[in-house]
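Heads up: the sequence shown begins at 1 in full-length UniProt numbering, then just goes up one per residue. Cβ atoms here follow ideal geometry from the backbone N, Cα and C, with glycine treated the same way. In what follows, a structure is listed as structure tokens, so that the remarks can point back to it.
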Amino acid sequence: MRRLAAGWAYFAAAVLVSLAAYLSGAQPAFAAILFALSMLAILLRAGDEAPAVSPEVAAVSDAKEKVEGTGLIVSGVLGAIDLPLFVLDRQGALQEQNRAAEKAFGALEAGLHISARFRSPSILDMVRETIATGEPNQIEHSERLPSERVYIVRIAPMRLGGGTEDLFLVSFKDISELRRIDRMRSDFVANASHELRTPLASLRGFIETMQGPARNDPKAQERFLGIMLDQANRMSRLVDDLLSLSRLELKAHIAPDQMVDLVPVIGHVRDSLAPLASELHVEIRLHVPEEKVEVLGDRDELVQVFENLIENACKYGQEGEVVDIYVRNPAGGSVEVSIVDHGPGIPAEHVPRLTERFYRVSVTDSRSKKGTGLGLAIVKHILTRHRARLVVKSEIDQGTEFTVRF
């Protein structure tokens, strides 16, 4: 009310000033200008004399704007991070979660305690400890369902604007793939060591025999030397395959950029394997189109792929006496190369694991045919680099078909 009264008083003063100027003989236009200037001066003075806002009210207003602005920034930052993140209050209740957290663990209603989603004692103990001490903490946590995942779970207090807030950020870093690679690496080292240990033990035994009981037995020495040569060749093949895998892993992310005609590649592989096929009494038959069938690829690596597949078909499908190779280039479809044998086939439970390192359907058959257990693993790595797939179909007593689909 006082501000309204003051306004009317200022207005009346301006009117009086203008009226006095007019009565003293001034022109109406000048009086109007004087009225406007008087009102402007009065309003400016009124603004200067307006009651100041108390420091307490100003501080509350600034703090509110700061909190609202900070909340928007935090929410935006959380949404932009691809790690699952949860913001908890001092009671462990959820205040916010980002899209990655909703995708990984499902949406959790704000205000619910973190234990409503995570019942792991280690996670809950970690949260309680950090809330009590204010110190960051982390653990390793495994989820079994819907699939096995391993996370590094970390919690740390959130300090916004230089102060200490009663909020805590919980993050989940998925290390499942790293753990899987670590297991594969350890399994690989164990398998490679085992594969090398067998021929080395054989060589050591024959050498000790030739130095001892067979020192003066030429026939035994000749027989042992032949076996030792086979074991040395086996180790050499194994080392070559291990080196091939290492080279392929180094450039697995680099796709080939050269055009390769598959028809002459398949013909070259058939010719190079002709002596082996003749020795095994197997006929290799080609079914290829007359025109070019080109794909993006590395010629030497594709030769290695088809050598492995056709050699396996000759060795393990020897009973069928024929190996058929089909090169197909359908209009608008994918280029395919199929290697079909008519041997005993592969039991269904073994098919998904054929490309694993050192996996063998029959260890005895593989070693008798001088296999290292790495051939199909090399094929898989090469085809992965070529952005191609290996499809395996097999029926017992009907044979096996390996198809490379580009």
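As assigned by DSSP and simplified to three states, the class of residue i
{"i": "Gln95", "result": "strand"}
{"i": "Gln138", "result": "strand"}
{"i": "Ala107", "result": "coil"}
{"i": "Val260", "result": "strand"}
{"i": "Tyr359", "result": "coil"}
{"i": "Glu290", "result": "coil"}
{"i": "Arg328", "result": "strand"}
{"i": "Ile266", "result": "helix"}
{"i": "Phe306", "result": "helix"}
{"i": "Phe86", "result": "strand"}
{"i": "Arg353", "result": "helix"}
{"i": "His381", "result": "helix"}
{"i": "Ser120", "result": "coil"}
{"i": "Ser334", "result": "coil"}
{"i": "Leu296", "result": "strand"}
{"i": "Leu243", "result": "helix"}
{"i": "Ala252", "result": "coil"}
{"i": "Gly205", "result": "helix"}
{"i": "Thr372", "result": "coil"}
{"i": "Ile181", "result": "helix"}
{"i": "Pro347", "result": "coil"}
{"i": "Val57", "result": "Caution is warranted here: a pLDDT of 46 is assigned to Val57, below 50, making its placement in the model unreliable, and the coordinate value is therefore given only provisionally. The answer is helix: DSSP assigns Val57 an H, G or I state."}
{"i": "Leu200", "result": "helix"}
{"i": "Leu229", "result": "helix"}
{"i": "Leu273", "result": "coil"}
{"i": "Gly79", "result": "helix"}
Exposure label - residue i; buried when at least 16 CB within 10 Å
{"i": "Glu56", "result": "Confidence in Glu56 is poor, its pLDDT being 49 and thus under 50, which makes the residue's placement unreliable; the coordinate value appears in the next sentence. Glu56 comes out exposed."}
{"i": "Gly226", "result": "exposed"}
{"i": "Asn308", "result": "buried"}
{"i": "Val295", "result": "buried"}
{"i": "Asn216", "result": "exposed"}
{"i": "Asn233", "result": "exposed"}
{"i": "Val60", "result": "Residue confidence for Val60 is low, a pLDDT of 42 falling below 50, so the modelled location carries little weight; the figure read from the coordinates is stated next. That one is exposed."}
{"i": "Gln97", "result": "buried"}
{"i": "Gly332", "result": "exposed"}
{"i": "Leu78", "result": "buried"}
{"i": "Val239", "result": "exposed"}
{"i": "Val391", "result": "exposed"}
{"i": "Met126", "result": "buried"}
{"i": "Glu395", "result": "exposed"}
{"i": "Leu273", "result": "buried"}
{"i": "Lys64", "result": "Its pLDDT being 46, under 50, Lys64 is placed unreliably by the model, and nothing is read from it."}
{"i": "His253", "result": "exposed"}
{"i": "residue 419", "result": "Residue 419 is absent from the structure shown; the chain starts at 1 and stops at 406."}
{"i": "Leu229", "result": "exposed"}
{"i": "Gly111", "result": "exposed"}
{"i": "Glu195", "result": "buried"}
{"i": "Glu301", "result": "buried"}
{"i": "Asp48", "result": "Because Asp48 sits at a pLDDT of 49, beneath the cut-off of 50, its placement in the model cannot be relied upon, and the following sentence gives the value as read from the coordinates. Label assigned to Asp48: exposed."}
Those residues which DSSP pairs with residue i across a bridge
{"i": "Asp341", "result": "Val323, Thr400"}
{"i": "Ile284", "result": "Val323"}
{"i": "His194", "result": "DSSP lists no partner for His194."}
{"i": "residue 407", "result": "Because the chain in this structure spans residues 1 to 406, residue 407 falls outside the shown range and cannot be described."}
{"i": "Arg389", "result": "Arg405"}
{"i": "His113", "result": "Ala93"}
Beta-carbon gap between residue i and residue j smaller than 7 Å
{"i": "Cys314", "j": "Val282", "result": "yes"}
{"i": "Phe105", "j": "Arg90", "result": "no"}
{"i": "His141", "j": "Ser120", "result": "yes"}
{"i": "Val305", "j": "Val379", "result": "yes"}
{"i": "Arg360", "j": "Gly373", "result": "yes"}
{"i": "His386", "j": "Gly317", "result": "no"}
{"i": "Val327", "j": "Val293", "result": "yes"}
{"i": "residue 414", "j": "Gly320", "result": "Here the chain covers residues 1 to 406 and nothing more, so residue 414 does not appear."}
{"i": "Arg183", "j": "Val150", "result": "no"}
{"i": "Val303", "j": "Val265", "result": "yes"}
{"i": "Val337", "j": "Glu401", "result": "no"}
{"i": "Ile155", "j": "Thr130", "result": "yes"}
{"i": "Gln93", "j": "His113", "result": "Reading off the sequence, residue 93 comes out as Ala, not Gln. A contact, by the Cβ cut-off of 7 Å."}
{"i": "Ile152", "j": "Ile175", "result": "yes"}
Span of the beta strand (DSSP E) around residue i
{"i": "Ile152", "result": "149-157"}
{"i": "Ser171", "result": "167-174"}
Test: residue i CB closer than 7 Å to a CB of chain C
{"i": "Glu294", "result": "Here there is only one protein chain, and chain C is not present."}
Delimiting residues of the alpha helix (DSSP H) encompassing residue i
{"i": "Leu145", "result": "Premise fails: Leu145 is in no alpha helix (DSSP H) and is neither H nor E."}
{"i": "Arg215", "result": "Run containing Arg215: none; DSSP gives neither H nor E here."}
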